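Each remark here refers to the structure printed beneath this line.
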Amino acid sequence: MIEPPGLRMSVGAAVAWSCGTILVFWFFAGLIASFRQDLIALFACEAVALLGGAALVWLLYGRAPAPQIAPPAADSSPPPRPLEAPLEFFAARSSHPGMYPLALLLGIAIHLPVEAIFRFIEQRWPGPSPDLARTFLDAGPAKKVVIGAILVVIGPLVEEIFFRGALFRPLRRTTSAVATIAVTSVMFAISHFAPQTYVPIAIVGVALGVLRHASGSLMPPFVLHAAFNGLSLLAMATTGTDEAASRSSPPLWVTLAGTAVTLGLVAWLWVLGARARGEGEAALR
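Counting from 1, position 250 in the sequence shown corresponds to residue 819 in my numbering; the numbering is continuous, with no gaps.
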């Protein structure tokens with residue numbers, strides 16, 4: 570799907586905007602943590618920062634060129650740019666039905682290589698990590714539902730709205746798809762607290778960006794993100810440990826198979842995205 574014209578965001582502006590939004594999140598998270606250590610409160614800080622940042626991007630960059638029936642007079646000012654509907658600006662639209670099972674499969678497959686990389690980093694450079702599994706297991710039934718909804722549904726949706734929604738479109742108008750995916754993936758990784766997670770999360774960000782590029786929609790990346798987080802939640806519920814606490818690993822062949830499937834799906838999605846954009850550009854000529 571070809572992105573409609575509109576105001577452009579430079580790479581520098583995207584990085585600065587992301588860093589500012591992340592710093593706001595960290596500030597409120599640190600402030601809340603001085604009073605109470607609570608996952609729900611931490612997510613509320615993230616949601617306020619990311620959704621607020623996304624809304625400001627929409628207000629600043631969500632104005633498409635106004636259609637002109639006739640050339641404007643020499644002494645007239647240009648017509649005002651109409652503000653796009655937020656769902657359209659954030660690309661919260663339907664995509665090809667085949668994108669959703671691909672997103673689900675990729676979210677499951679990528680969990681294996683990403684976990685292997687995280688485990689490798691964590692074993693060599695361990696860092697303080699909150700016992701998310703213990704928080705989840707000690708919670709009552711109602712709080713378990715809330716935590717599960719945050720980890721699998723609400724959290725991924727909020728993050729996708731900012732990184733693959735608010736940033737992706739105006740940045741893509743300025744630079745290549747590769748650069749857009751790289752910038753949003755790095756910023757997505759940095760938004761998480763632990764440096765040990767930066768590389769694994771950036772890899773997930775690349776898969777999310779390729780899927781966003783190929784589908785032209787925010788919804789398939791959300792499905793991938795939810796599937797990835799859902800597997801982590803399932804591991805906590807069944808084993809009583811989170812990724813940082815676990816030192817066990819699946820057989821090597823399982824990890825290699827997951828890596829092969831991940832690379833194959835990402836390559837296929839990239840080809841599909843290039844083909845769809847080529848057809849769209851030809852139709853516009």
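Here a beta-carbon is modelled for each residue, glycine too, at the ideal position from N, C-alpha and C. Source: prediction; values computed, not measured.
### Message
On the CB-based measure, 16 or more other CB atoms within 10 Å of its CB, does Glu-562 come out buried or exposed?
### Response
Residue 562 lies beyond the residue range present for the chain, which begins at 570 and ends at 854; the question has no answer from this structure.
### Message
I want to know whether the segment 618-632 touches the segment 764-777 - three or more CB-CB distances under 8 Å.
### Response
No: fewer than three Cβ pairs fall under 8 Å.
### Task
Using three-state DSSP, classify Arg-693 as helix, strand or coil.
By 1-based counting over the sequence shown, the position of residue 693 is 124. Helix, per DSSP.
### Query
How is the alpha helix (DSSP H) around Met-578 delimited, first residue to last?
For the purposes of this step, residue 578 is taken as residue 9 along the sequence shown, with counting starting at 1. Per DSSP, Met-578 belongs to no alpha helix (DSSP H) and is neither H nor E.
### Message
By DSSP's criteria, Arg-632 is part of a beta bridge. Which residues make up the other side?
### Response
Locating residue 632 in the sequence shown gives position 63, counting from the first residue. Here Arg-632 is bridged, per DSSP, to Leu-652.
#### Entry: From Leu-611, Leu-838, Met-805 and Arg-733, residue whose alpha carbon lies closest to that of Trp-627
In the sequence shown, the residue the question calls residue 627 occupies position 58. When only C-alpha atoms are compared, the closest one is Arg-733.
### Query
Shortest alpha-carbon distance to Ala-616 belongs to which of Glu-728, Ala-735 and His-782?
Taking the sequence shown and counting its residues from 1, the one referred to as residue 616 is at position 47. It is Glu-728.
### Query
Quick one: Cα of Pro-682 to Cα of Leu-675, how far?
As a position in the sequence shown, residue 682 is number 113, starting the count at 1. As a position in the sequence shown, residue 675 is number 106, starting the count at 1. So the two alpha carbons sit approximately 11 Å from each other.
### Task
Within 10 angstroms of the Cβ of Gly-589, are there 16 or more other Cβ atoms? Answer buried if so, exposed if not.
Translated into the one-based positions of the sequence shown, residue 589 becomes position 20. By the 10 Å Cβ count, Gly-589 comes out exposed.
### Query
Per DSSP, what kind of secondary structure is Ala-845 in: helix, strand or coil?
Taking the first residue of the sequence shown as position 1, residue 845 is located at position 276. Helix at Ala-845.
### Query
Val-580 and Ala-758 look like a contact to me (Cβ under 8 Å); what is the Cβ gap, rounded to whole Å?
Position 11 of the sequence shown, counted from the first residue, corresponds to residue 580. Position 189 of the sequence shown, counted from the first residue, corresponds to residue 758. Not confirmed; about 16 Å, so no contact.
### Task
Label Phe-659 either buried or exposed according to how many other C-beta atoms from any shown protein chain fall within 10 Å of its C-beta, with 16 as the threshold for buried.
Translated into positions along the sequence shown, residue 659 becomes position 90. By the 16-neighbour rule on beta-carbons within 10 angstroms, Phe-659 is buried.
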